[in-house]
Every structure is written in structure tokens, then in C-alpha cells.
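**Q** This structure is in C-alpha cells; I'll ask about it shortly.
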Amino acid sequence: MSKLSRRQLITTSLAVTAGASGLVVAAKLAESYGLIPPDSGGIYGAGETLTYAAQRLLTRHSLAREFSRSQISKNPFANEVAALAEPFQRLQQAGFADWRVNVDGLVAYPTSFSLSDLKGFPCRSHITMIQCEEGWSYIAEWIGAPLSHVLEQVGVFPQVRYLVYRSFQPDWWESIDMVDALHPQTLLTYAMNDSNLPVGFGGPLRMRVSRQLGYKNVKYITSLTLTDNLKSFGKGLGSAAPEAGYAWFAGL
Amino acid sequence: MAQTLRLRHSFLVRLTHWLTTLSFLALLVTGLEIVVSHPRFYWGEIGNVNTAPLFKIPIPSSRSMVPTGYHYVLADQNGWSRYLHFQSAWLLVLTGLLYVVVGFFTGHFRRNLLPSLADLSLSRLGQSIVQHLRFERPRPAEGWSYNVLQRLAYLLVIFILFPMIIWTGLAMSPSFVSAVPAAVNLLGGQQSARTLHFLLTIVLVLFLLIHLIMVVLAGFRSRMRAMITGRGAESLEPV
Chain A
792 MSKLSRRQLI TTSLAVTAGA SGLVVAAKLA ESYGLIPPDS GGIYGAGETL
842 TYAAQRLLTR HSLAREFSRS QISKNPFANE VAALAEPFQR LQQAGFADWR
892 VNVDGLVAYP TSFSLSDLKG FPCRSHITMI QCEEGWSYIA EWIGAPLSHV
942 LEQVGVFPQV RYLVYRSFQP DWWESIDMVD ALHPQTLLTY AMNDSNLPVG
992 FGGPLRMRVS RQLGYKNVKY ITSLTLTDNL KSFGKGLGSA APEAGYAWFA
1042 GL
Chain B
12 MAQTLRLRHS FLVRLTHWLT TLSFLALLVT GLEIVVSHPR FYWGEIGNVN
62 TAPLFKIPIP SSRSMVPTGY HYVLADQNGW SRYLHFQSAW LLVLTGLLYV
112 VVGFFTGHFR RNLLPSLADL SLSRLGQSIV QHLRFERPRP AEGWSYNVLQ
162 RLAYLLVIFI LFPMIIWTGL AMSPSFVSAV PAAVNLLGGQ QSARTLHFLL
212 TIVLVLFLLI HLIMVVLAGF RSRMRAMITG RGAESLEPV
């Protein structure tokens, strides 16, 4: 083995320094362009960051595939959920007339919406596939109020970066970035196919995020919070999913 | 004592070989863990427990709602399995890109993997197949090159099976196919992509088993040494 020459030493240290500072600059740039997911720490952080950054760079505005009416699943599968506590049955018996969705956080006009308030927004629908992370799927027509219209009405502050949404089931809460929150296919869904959204599928109100897996499509929506930082929610990983060991970004 | 070492495998080949091994094994284990949550496969766009499967794997599931015939449910391992699956997929894709790009520039594929026209004649191919079926120990010269079946198998894995398994994997991603719908439409649907992804895994596992058997037959120590240190069989003699 020949000894390391001075020239080699200098070249190598310059290359290492350049590489390291390049990484630091790349990380700063990625952060400022919103390419770092909230669960970027830990041993799987590198893969998650690559996935989320690639999706945000390449598929930011794309629409989920839409299907024809004849492709709607005849027997969609309603995934099992934890038992719904007693107040839910009472609300259900009253036809969910008293169901409320509170919108708060960094907004000019914090508002509480009823289902009929939401039905007053322009109605949008799409026939799209919902996939579970387990591997199964079905196609349905999802009908509801575009989330972007609701957010426009409450006056979202410009520094907002994420939407946190919670379920009647206290353990199930999620968050999405504003790319998905303002995406035209993101609906506060109150109907499915030909009827009101059945309870098994998340009725009376389900968040439909068309380009992400089932677990981001939270059932029984009760509140929305706009924020510029996810650190103060739960364990600071973005949502309940990473706290349970699942990826925050479920668009893959 | 200046001794010229003749390298059997270049540094790039050795590095990418072991990175691919690492990511493939991680993808295999985590992939099987993910399959356990729904060991049913479908054809077309959609599939769930209310629709008829193309085939089922007769194993218990980690989800109680999947009818498996077993009266118990395995532990759910999907969280870390999915995290590790996609992280390993990135490692595999980046390693593969490095290998293919540098391999083209250095002439690795032309020199080491492309079979000669003479070797592709029916008689030569037949001869090679017979040698393999007889489990004949390869001649020492073969320690410095690949035989024609080996070349064809490696080309199949590098340029067809791995690209296909990456493609079918991407075709399952709802965000990716929103930007590139053809990726899933060409395969006949999202569940078809999942089924093909699984079948390709089986083909790659078969390749791995045969590859390992051949390494053992050819001489485990010398072949492992060549792929780890780069030194070929006669490396101790000056060339």
C-alpha cells in the first residue's frame, strides 16, 4: 500500500467538506420547500424523507385516477373500527342533526359547522379507489364538500402548513400538508354512492384524501385545526399513525 | 514484493452486489410480513374479503377479518415492515441506478454479461444446460468468467425482473399512479400489480436459491472471497 500523499489528503478532505456542506444546504432547502415529513427522525427517516420529497416534487398537483360508474364496487368492505361510544348512538338516532365539526387554529374565523352547513357548500364527487395499507381495496363514489371551500370560508392564515383532523374516536387523529388539504379531490365526505355515508364507512362525515391510503381517510370527523407546526400535537410525529409505528405520509 | 493482483470483480460490482443483497433480504422479509395482513391475491383493479380471490396463500393472517381457516391471528407487524420496505426499496433503486449507469460506461455489461453469438447457438446452449443438469463442477477458467446460462440469468434478473418488481411496486402507490396512471393501467389494475409483485418475488427467490446452490457447487470459499475481496482463484500467483 502506498502512503496517502499530501495531495490525496487535501483532495479527500475538500471532497468530504463539500459533501457535508452540500448535505446541510440540501436539508435546509428541503425544509424550506416543505419536503421533510414530520416523522423524518429515527431509523426509517431517510426512506420516508426520500418518498415524501419525491412525491411533493413530482406529483404535487396530480389527480387520483377516477373510474366509471360501472366500476363502483358492489360489495365494498367496511373495515372494522373500535366500538363507538354511547353519545354516538344518540347522535345517530337524531339523524346526526347535532353533529358538529369545529374548525380552529390559525384561522381568521373559527367556526363550528353542522352537516347541513357542509351540505350548503358546492357539492363535489369523484369515483375513486380507496386502498388499505393491508393490501385490499374498493371503488366508490365519494360525495361531499371540497375541503378547500371550507378552508376558504374560515380564512386560513398564510403561515399555515398543516391541517390536523380528529375523529369521534379519540385515538384516531391525522394530519396532512396544505398540498393535500387544498387538493381538489379532498372532500369532507357525507355521502357515498347513492346514499348518506353509512356509519361503517365513516358516516356521518369522513375525510377523503384521494391519493393516500385508508388510514389517512379518517372516519367520524369532529374537528379540524390549522397549524404551522405539528410539534405540539401528540408526540410531535405528525399524527396517530407514526405513534403507532406507521408512516405519516401514506401516499407512498 | 510487487505482486499484481488480478481482480475477479470490480469494486463497483462487489459494492452493489452486497447492497442489493441487503436491500433484497430486507424487502423479502418485510414484504412477507405485509402479505400476512392480507394473504389473498386478486386480479383487476380492486379486491377485498367480499370479492373472489385469484388465489390465497394458506397461512394465518395478522387481521381477524381475513377468512383463513385458522382460529388465531398473528401479531401485526405492518408498521415497521412498511417503513423498512420502502426505505430498502430506495436503497435497491439507488444501488441499481449506480450499477447500471456505471456498468454501461465501464463496459461491464458488454464485457462480462453479454453472451457471445457463438455461445448462443443451440448446441452450445444445450451443452451448457446438460453440464448444469449434471451438477458438473465448473472448470477453473470459469472462475474468471461467466458461462452462457449464467450470463442470461443475470441479464434477466438485472434488466427484466428487478425493473418489473420496481414497476409493479410503484404501480401500487396511489400518489405515484395519480401522476403516471399508465404505470398501473398497463398492468390491468392495482390488484393485478400487487399480484404480479408477489409472483415476481417468487421468481427472484428461485433465482436466489439457484444462485446460492451454484456458488456452493463452484466452491463457496473461492466465490465468496472473489465477491468480498475481489481476488480471483489464482490471485496469489503473480500474473
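Chains as they are written, first to last, in our numbering: chain A, 792 to 1043; chain B, 12 to 250. For glycine and all other residues, C-beta sits at the position ideal for the given N, C-alpha and C.
#1: Taking only the alpha-carbon atoms, compute the straight-line gap between B:Arg-232 and A:Gln-846 and give it to the nearest angstrom.
#2: Our contact map puts A:Trp-927 next to A:Ala-1031 with C-beta atoms below 8 Å; I'd like the distance itself, whole angstroms only.
#3: If you count every other CB in all the chains shown that lies within 10 Å of the CB of A:Thr-803, and 16 or more means buried, which is it?
#4: Just how far apart, CA to CA, sit B:Asn-89 and B:Leu-215?
#5: Under the three-state reduction of DSSP, which class applies to A:Ala-982: helix, strand or coil?
#6: Buried or exposed: where does B:Arg-162 fall if 16 or more other Cβ atoms within 10 Å of its Cβ makes it buried?
#7: So within the region 102-135 of chain B, which uninterrupted beta strand (DSSP E) runs reach at least 3 residues, ignoring any that extend past its ends?
#8: Can you name, in chain order, every residue of its own chain whose Cβ lies under 7 Å from the Cβ of B:Leu-38, other than the five neighbours on each side?
#9: Can you find a CB in chain A that lies within less than 8 Å of the CB of B:Val-60?
#10: Which residue wins for smallest C-alpha separation from A:Thr-840, given the options A:Leu-826, A:Gly-1036, A:Thr-808, A:Pro-901?
#11: Quick one: residues in its chain with C-beta nearer than 7 Å to the C-beta of B:Val-188, no 5 flanking neighbours on either side, listed in chain order?
#12: For B:Ser-48, does the three-state DSSP call read helix, strand or coil?
#13: At 4 residues or longer, and completely inside the region 141-182 of chain B: list those alpha helix (DSSP H) runs for me, N to C.
#14: Does B:His-96 come out as helix, strand or coil in the three-state DSSP assignment?
#15: Given a cut-off of 8 Å, decide if A:Val-894 and A:Pro-901 are closer than it, judged by their beta-carbon atoms.
#16: By a C-beta neighbour count over all protein chains shown, 10 Å radius and 16 as the cutoff for buried, is B:Pro-69 buried or exposed?
#17: Can you pull the chain B neighbours of A:Trp-964, defined as C-beta to C-beta under 8 Å?
#18: Measuring alpha carbon to alpha carbon, tell me which of A:Glu-943, A:Val-815, A:Leu-938, A:Ala-888 ends up nearest A:Leu-906.
#19: If you reduce the DSSP assignment to three classes, tell me which class A:Phe-992 lands in.
#20: Indicate whether at least one CB of chain B lies closer than 8 Å to the CB of A:Ala-1038.
#21: Candidates B:Phe-146, B:Gln-202, B:Ser-186: which alpha carbon is nearest B:Met-225's?
#22: Looking at A:Arg-952: is its Cβ nearer than 8 Å to the Cβ of A:Ser-1014?
#23: With burial defined as no fewer than 16 other Cβ atoms inside 10 Å of the residue's Cβ, what is the status of A:Asn-1020: buried or exposed?
#24: Count the CB pairs spanning the region 19-36 of chain B and the region 905-921 of chain A that are closer than 8 Å, and state whether there are at least three.
#25: Using a Cβ cut-off of 8 Å, pull out every chain B residue sitting near A:Gln-1003, in sequence order please.
#26: Listing by chain order, which chain A residues have their CB less than 7 Å from the CB of B:Met-76?
#27: Flag B:Pro-249 as yes if its beta-carbon sits less than 8 Å from any beta-carbon of chain A, otherwise no.
#28: Identify which residue in A:Ser-1001, A:Ala-869, A:Thr-850 has its Cα closest to the Cα of A:Ser-916.
#29: Any contact of the region 48-68 of chain B with the region 863-880 of chain A, i.e. 3+ C-beta pairs under 8 Å?
#30: Distance cutoff 8 Å, beta carbons only. Does B:Ile-57 sit that close to anything in chain A?
#31: Give the C-beta separation of A:Met-983 and A:Trp-1039 to the nearest angstrom, bearing in mind that I take them to be a contact with Cβ-Cβ under 8 Å.
#32: A:Val-945 by DSSP, collapsed to three states: which one?
#33: Taking the alpha-carbon of B:Val-191 as reference, which of A:Ser-831, A:Thr-850, A:Glu-822 has the nearest alpha-carbon?
#34: Using alpha carbons as the reference points, say which of A:Leu-988, A:Leu-805, A:Gly-810, A:Tyr-1006 lies closest to A:Gly-935.
#35: Considering only residues of the same chain and omitting the five flanking positions on each side of A:Pro-828, which have a CB-CB separation below 6 Å?
#36: Quick one: give me the first and last residue of the alpha helix (DSSP H) that B:Met-225 is part of.
**A** To lay it out plainly:
#1: 44 Å
#2: Not confirmed; about 21 Å, so no contact.
#3: With fewer than 16 neighbouring CB atoms inside 10 Å of its own CB, A:Thr-803 falls in the exposed class.
#4: 22 Å
#5: strand
#6: buried
#7: none
#8: His-96, Ser-99, Ala-100, Leu-103
#9: yes
#10: A:Leu-826
#11: The residues Ala-182, Ala-194, Val-195, in chain order, have a CB closer than 7 Å to that of B:Val-188 in the same chain once the five nearest residues on each side in sequence are set aside.
#12: Taken through DSSP and simplified to helix, strand or coil, B:Ser-48 comes out as coil.
#13: Counting only runs of 4 or more, we get 159-167, 173-181.
#14: helix
#15: yes
#16: exposed
#17: In chain order: nothing, as chain B lies at least about 17 Å away.
#18: Minimum Cα distance to A:Leu-906 is reached at A:Ala-888.
#19: helix
#20: yes
#21: B:Phe-146
#22: Not in contact: A:Arg-952 and A:Ser-1014 (Cβ atoms no closer than 8 Å).
#23: exposed
#24: no
#25: Close partners of A:Gln-1003 in chain B (Cβ separation under 8 Å): Pro-185, Ser-186.
#26: The contacting residues are Glu-871.
#27: Since pLDDT at B:Pro-249 reaches only 42, below the 50 mark, its modelled position is unreliable, and the value read off the structure follows with that caveat. Chain A, which has no Cβ nearer than 8 Å to the Cβ of B:Pro-249, makes this no.
#28: It is A:Ser-1001.
#29: yes
#30: For B:Ile-57, the answer is yes, since a Cβ of chain A falls inside 8 Å of its Cβ.
#31: Not quite, the Cβ-Cβ distance comes to about 26 Å (not below 8 Å), so this is no contact.
#32: Shown here, A:Val-945 sits in a helix according to DSSP, grouped into three states.
#33: A:Thr-850
#34: Minimum Cα distance to A:Gly-935 is reached at A:Leu-988.
#35: Taken in chain order, the residues that qualify are Glu-839, Tyr-843, Trp-1039, Phe-1040.
#36: 201-240
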